[in-house]
Structure formats: C-alpha cells, structure tokens
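So the protein sequences, as listed, match chains A and B.
Taking UniProt numbering, I'd label the letters of the first sequence as residues 1 to 192.
Taking UniProt numbering, I'd label the letters of the second sequence as residues 1 to 192.
Glycine included, every Cβ here is placed at the ideal spot set by N, Cα and C.
Number of protein chains: 2
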Amino acid sequence: MKLLEDKIKTDGTVLGEDVLKVDNFLNHQVDPKLMDAMGAEFARLFADAGITKVLTVESSGIAPALMAALHLNVPMIFARKHKSLTLTDNLYTARVYSYTKQVNNDISIDKRFLNEDDTVLIIDDFLANGQAVQGLLEIAKVANVKVGGIGIVIEKSFQKGRKMIEDTGIRVESLARIAAFENGEVKFVSES
Amino acid sequence: MKLLEDKIKTDGTVLGEDVLKVDNFLNHQVDPKLMDAMGAEFARLFADAGITKVLTVESSGIAPALMAALHLNVPMIFARKHKSLTLTDNLYTARVYSYTKQVNNDISIDKRFLNEDDTVLIIDDFLANGQAVQGLLEIAKVANVKVGGIGIVIEKSFQKGRKMIEDTGIRVESLARIAAFENGEVKFVSES
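Shown next as structure tokens:
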C-alpha cells in the first residue's frame, strides 16, 4: 500500500538492526485517516473471504482492526492480554511470547463471542516472529472457527512470522512488507 | 445519545450494585458502526472547541477516541499503561488507581506528541470514579496543553467522577448518563 509505505519512509525511524519505530502514527499517536484507508484496503482484499468477525490483540491492533471491521461491516473483537491467567471456563486462552519484552503473556477471548459458523479475519499492527498471530490462530482452532485470512499492517519479511503463516496455508496480506533495513533506511519488498 | 442508550438497554448486563457489563459491543467485542456514530457525535459536540488532538488511555478508550479523532480530523494519542514505570525523561506520566482491579498503574505519553499550542479532547469509555481522566488531566497540566473538553461514552453519574470533573470547570459530555441501577435495570438521567 503506497500510502503506508510513503508514511513509513517519511515518519518512521529505524533503530538498530531490526526495530522500526512508528509511534507517531500507528502505535502511540495514531493517524485516523490512515487507519481508515488501511481498513478500507483490508476490506477490499478480503471482500470475498466471507468474514464474520475481525480479531486482534490489544492495544496496537485495535485501531486498524476497528477500521477493517467498519468497512467489512462486522464486529471486531480484541483479545485481552494478561500477565498470566487463572484459567476460567468462559475464556479461550493462548500463551504469547513477546520477543521485545522477553515475557510471556496470556491472551484471551470470551467464549460467547466466537461461534462455530464464524469466519474470522486476524489483524495485527506488526508481523515479526508471529507470536501474537500464532496465539490467535490457537484460539481460532480451539473455538473451531474458520480463519478467512490474516491482515498485517507492517511485516518484517526477514523475520520468521511470514514463513510460519505461509506454512499454515492461510492467506496473508501485509500492507507494507519490509525486506531489510539498510543503513538506517527501510527497504520494501516492493522495491526489490 | 438515544442509539447508545438503546444499545445499553438491549445488550448491557447489570451485575450487582454498580457494574454494567458491555463487553459485547464496547470493551471486548466492539460494534464499529456504533463507535463511528459515537465519534461523529463527539465531533459535533466539540466542533467549536478548537481541538487539535484526542487523548485516551489504552485499551477500551481507543475505539471511541479513534472515531472521534477521525471525525474531528486530528491525531489520536493513547496513553500507555504500565505496572509501574521507571521514570524516563521523555515521558509525561501520571499514577492511576483502578478501583475495579485495586491496583495502581502508571500511564504515560511521549513528550514529543504534546505541544504547548495543543488543545486536547479527553475521551474514555467509562466515567466512574474518574481516575483515568484525572491521570490524563495531570499529564495535560504538566505538558501545559489546554483541555478543550472531556467526552465519555458511559457515565455512572452516581459515582464521584462527574463531580470531580465539574469542579475543574472543564466541559464534560457523556453520551449515556446512568442515574442508577434499579432491580438489575439501567435508569438513565434522561429518563428521570
């Protein structure tokens, strides 16, 4: 998505070897018009996937997921993150390891909100090692819902998440795919 | 706001003396069309307040704040919650007590995103004891930004947050104001 790639070029900051800071428009300060355009693009890409619900994980996934859900005209559900959860009967849960924070979190979704006839679209802001997506895939599996697709805002294609998703056979669409960071500059897959 | 009051009547659940559960359309599963309508209503109410940024706290505030910011055509910033924060020079922070969870959290906003010429609209999903709003007011004060208003989705008017805000002289608009829970039913201020 050209609009997003341009925004990353102008407003993103590369830190070290593999960190892209986009807290000025995506995950702390948020650009609502950009989120709206991204939501419309996700809805266009997955228009024929029969999506009945959009799933994400709090907090940074909420803005793009909400806009995708608005344009798809379906509810959005954000999984809650917990330090560690006392298992309760009414929740689907999965354990997610954060490489950034080097800590395990449990994520959960209330069982009332996923039904066997649902087809979900999983949305997240970043795809790096794919831990959050994997957690949502685990929940989808246990809940016995179909996963109609995975939509990512920014994918770091050189990390292992992309491969992990491709191996599942589920369709993944990333609005910006980063091939590499070169001398502090972002190099997109589309530019290679 | 009639649309929201109707939704609370049909889909909300009263638990005990003072808890309203709305996790099926507001703070776990989210109704995007309702969020959009609420965002439009906040934008209408604060159209003349000169708002340059919308502030909220993760996670439940993000959806209504994003939609308000979209309709006001300004950026949205969500404060990050932390268990307790090692103070860093680049963050504005405030301590927020959660009555529900009986725990202190620090909330923070990066200093880069608030400037002295900003006029902010504070949005939150619930107003009960007003702790989250108070935290954002503290940050606004230290950052030396003007608070143009406070927009609340659901206010429990019988708890102390409303009075606390009124005492500051800042304009507050709540889309649904709950006067009381009577026999497990919601009684709105508009019905009294």
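From A:Ser84, A:Glu155, A:Asn24, residue whose alpha carbon lies closest to that of asparagine 129 of chain A: One-based indexing of the first sequence puts residue 129 of chain A at position 129. The shortest Cα separation from asparagine 129 of chain A among A:Ser84, A:Glu155, A:Asn24 belongs to A:Glu155.
Hey, leucine 55 of chain B and valine 120 of chain B: beta-carbon distance below 8 Å or not? Within the second sequence, residue 55 of chain B is the residue found at index 55, counting from 1. Within the second sequence, residue 120 of chain B is the residue found at index 120, counting from 1. Cβ atoms of leucine 55 of chain B and valine 120 of chain B: closer than 8 Å.
Compare the Cα-Cα distances from valine 142 of chain A to each of A:Thr93, A:Met1, A:Gln29 and report the closest residue. Translated into the one-based positions of the first sequence, residue 142 of chain A becomes position 142. Comparing Cα positions, the closest option is A:Thr93.
Using 8 Å as the limit for Cβ to Cβ distance, is arginine 80 of chain B near chain A? Locating residue 80 of chain B in the second sequence gives position 80, where the first residue counts as 1. By this cut-off, arginine 80 of chain B is an interface position.
Nearest-angstrom Cα separation, counted from leucine 72 of chain A out to alanine 47 of chain A: Position 47 of the first sequence, counted from the start, is the residue given in the question as residue 47 of chain A. Position 72 of the first sequence, counted from the start, is the residue given in the question as residue 72 of chain A. Going from the Cα of alanine 47 of chain A to the Cα of leucine 72 of chain A covers about 7 Å.
Could you pull out every unbroken beta strand (DSSP E) segment of at least 3 residues lying fully inside the region 9-40 of chain B, listed in chain order? 13-15, 19-21
Can you give the Cα-Cα distance for glutamate 138 of chain B and leucine 136 of chain A, rounded to whole angstroms? Here residue 138 of chain B corresponds to residue number 138 of the second sequence, with the count starting at 1. Here residue 136 of chain A corresponds to residue number 136 of the first sequence, with the count starting at 1. Their Cα atoms are separated by approximately 36 Å.
Out of B:Ser60, B:Met1, B:Asn24, which one is the CA nearest neighbour of alanine 37 of chain B? If you number the second sequence from 1, residue 37 of chain B lands on position 37. Nearest option by C-alpha distance: B:Met1.
Within 10 Å of its beta-carbon, does aspartate 106 of chain B have 16 or more other beta-carbons around it, so buried, or fewer, so exposed? As a position in the second sequence, residue 106 of chain B is number 106, starting the count at 1. With 16 or more Cβ atoms within 10 Å of its Cβ, aspartate 106 of chain B is classed as buried.
contact_flag[the region 146-155 of chain B, the region 49-66 of chain B] where n(CB pairs < 8 Å) is 3 or more: yes
Test item: CB-CB of glycine 61 of chain A and phenylalanine 78 of chain A under 8 Å: What you label residue 61 of chain A is simply residue 61 of the first sequence in a count that begins at 1. What you label residue 78 of chain A is simply residue 78 of the first sequence in a count that begins at 1. Yes, the pair counts as a contact, with Cβ atoms nearer than the cut-off.
Which partner residues does phenylalanine 188 of chain A have in the DSSP bridge list? Counted from its first residue, the first sequence places residue 188 of chain A at position 188. Per DSSP, A:Ile178.
Going residue by residue through the UniProt domain "Phosphoribosyltransferase" (48-163) of chain A, where are the continuous alpha helix (DSSP H) segments of at least 4 residues, counting only ones entirely within it? 62-72, 131-143
State buried or exposed for lysine 101 of chain A, treating a residue as buried only when at least 16 other CB atoms are found within 10 Å of its CB. Indexing the first sequence from 1 puts residue 101 of chain A at position 101. Exposed, because fewer than 16 other Cβ atoms sit within 10 Å of the Cβ of lysine 101 of chain A.
For alanine 69 of chain A, which of A:Ala179, A:Ile109, A:Gly151 has the nearest alpha-carbon? The sequence position of residue 69 of chain A within the first sequence is 69, counting from 1. Alanine 69 of chain A has its Cα closest to that of A:Gly151, out of A:Ala179, A:Ile109, A:Gly151.
Cβ distance (whole Å) where glycine 169 of chain A is taken to contact valine 133 of chain A below 8 Å: Counting from one through the first sequence, the residue named residue 169 of chain A turns up at place 169. Counting from one through the first sequence, the residue named residue 133 of chain A turns up at place 133. Actually they are not in contact, since the Cβ atoms of glycine 169 of chain A and valine 133 of chain A sit about 14 Å apart, beyond 8 Å.
So is glycine 12 of chain A buried or exposed if we call it buried at 16+ other beta carbons inside 10 Å? Here the question's residue 12 of chain A lines up with position 12 in the first sequence. The residue is buried, with at least 16 neighbouring Cβ atoms inside 10 Å.
Please name the residue, chosen from A:Asp124, A:Ala180, A:Asp89, that lies closest to methionine 76 of chain A on a Cα-to-Cα basis. The residue you call residue 76 of chain A lines up with position 76 of the first sequence. The option with the nearest alpha carbon to methionine 76 of chain A is A:Asp124.
Give a yes or no on whether 8 Å exceeds the smallest Cβ distance from lysine 21 of chain B to chain A. Translated into the one-based positions of the second sequence, residue 21 of chain B becomes position 21. Output row for lysine 21 of chain B: interface = no.
Does the beta-carbon distance from glutamate 173 of chain A to leucine 45 of chain A come in below 8 Å? Residue 173 of chain A sits at position 173 when you count from the first residue of the first sequence. Residue 45 of chain A sits at position 45 when you count from the first residue of the first sequence. Yes, the Cβ-Cβ distance between glutamate 173 of chain A and leucine 45 of chain A is below 8 Å.
Would you say lysine 33 of chain A lies against chain B (beta-carbon separation less than 8 Å)? As a working note, residue 33 of chain A is residue 33 in the first sequence. Yes, lysine 33 of chain A lies at the interface with chain B (some Cβ there is under 8 Å from its Cβ).
Beta-carbon proximity of phenylalanine 126 of chain B to glutamate 17 of chain B, cut-off 8 Å: Here residue 126 of chain B corresponds to residue number 126 of the second sequence, with the count starting at 1. Here residue 17 of chain B corresponds to residue number 17 of the second sequence, with the count starting at 1. No. Outside cutoff.
Under the rule that 16 or more other beta-carbon atoms within 10 Å means buried, what is glutamate 191 of chain A, buried or exposed? Within the first sequence, residue 191 of chain A is the residue found at index 191, counting from 1. Exposed, because fewer than 16 other Cβ atoms sit within 10 Å of the Cβ of glutamate 191 of chain A.
Compare the C-beta of isoleucine 62 of chain A against all C-beta atoms of chain B and say whether one is closer than 8 Å. The residue you call residue 62 of chain A lines up with position 62 of the first sequence. At least one chain B Cβ lies under 8 Å of isoleucine 62 of chain A.
C-beta neighbour in chain B for serine 157 of chain A, strict 8 Å: The residue given as residue 157 of chain A occupies position 157 in the first sequence. So, not an interface residue.
Hey, leucine 20 of chain A and valine 189 of chain A are a contact pair by Cβ (cut 8 Å); roughly how many whole angstroms apart? On the first sequence, residue 20 of chain A is found 20 positions in, with the first residue counted as 1. On the first sequence, residue 189 of chain A is found 189 positions in, with the first residue counted as 1. Rounded, the Cβ-Cβ distance is 14 Å, inconsistent with contact.
Short CB-CB distance (under 8 Å) between glutamate 41 of chain B and chain A: Here residue 41 of chain B corresponds to residue number 41 of the second sequence, with the count starting at 1. It does not; no Cβ of chain A falls within 8 Å.
C-beta atoms of residue 193 of chain A and aspartate 117 of chain B nearer than 8 Å: Residue 193 of chain A is absent from the structure shown; chain A starts at 1 and stops at 192.
Just the chain A side, please: which residues come within less than 9 Å of aspartate 110 of chain B by C-beta, in chain order? As a position in the second sequence, residue 110 of chain B is number 110, starting the count at 1. Result: Asp23, Asn24, His28, Gln29.
Classify leucine 66 of chain B: buried if its beta carbon has 16 or more other beta carbons within 10 angstroms, exposed otherwise. The residue labelled residue 66 of chain B in the question sits at position 66 within the second sequence. Buried.
Residues near arginine 80 of chain B by beta carbon distance below 7 Å, same chain, minus five either side: Your numbering for residue 80 of chain B matches position 80 in the second sequence. Cβ within range, chain order: Glu58, Ile107, Ser108.
For the putative contact between isoleucine 8 of chain B and valine 30 of chain B, defined by C-beta atoms under 8 Å, what is the C-beta separation to the nearest angstrom? One-based indexing of the second sequence puts residue 8 of chain B at position 8. One-based indexing of the second sequence puts residue 30 of chain B at position 30. Isoleucine 8 of chain B to valine 30 of chain B, Cβ: 15 Å. No contact.
Buried or exposed, going by whether 16 or more other CB atoms sit within 10 Å of the CB of glycine 39 of chain B? Start at 1 with the first residue of the second sequence, and residue 39 of chain B comes out as number 39. Classification of glycine 39 of chain B: buried, given that the 10 Å Cβ count is 16 or more.
Spatially closest choice to leucine 34 of chain A from A:Thr10, A:Leu3, A:Asn24, by CA coordinates: Counting from one through the first sequence, the residue named residue 34 of chain A turns up at place 34. Of the listed residues, the one whose Cα sits closest to leucine 34 of chain A is A:Leu3.
Contact with chain A by glutamate 5 of chain B, beta-carbon distance below 8 Å: Numbered from its first residue, the second sequence carries residue 5 of chain B at position 5. With 8 Å as the cut-off, glutamate 5 of chain B does not count as an interface residue toward chain A.
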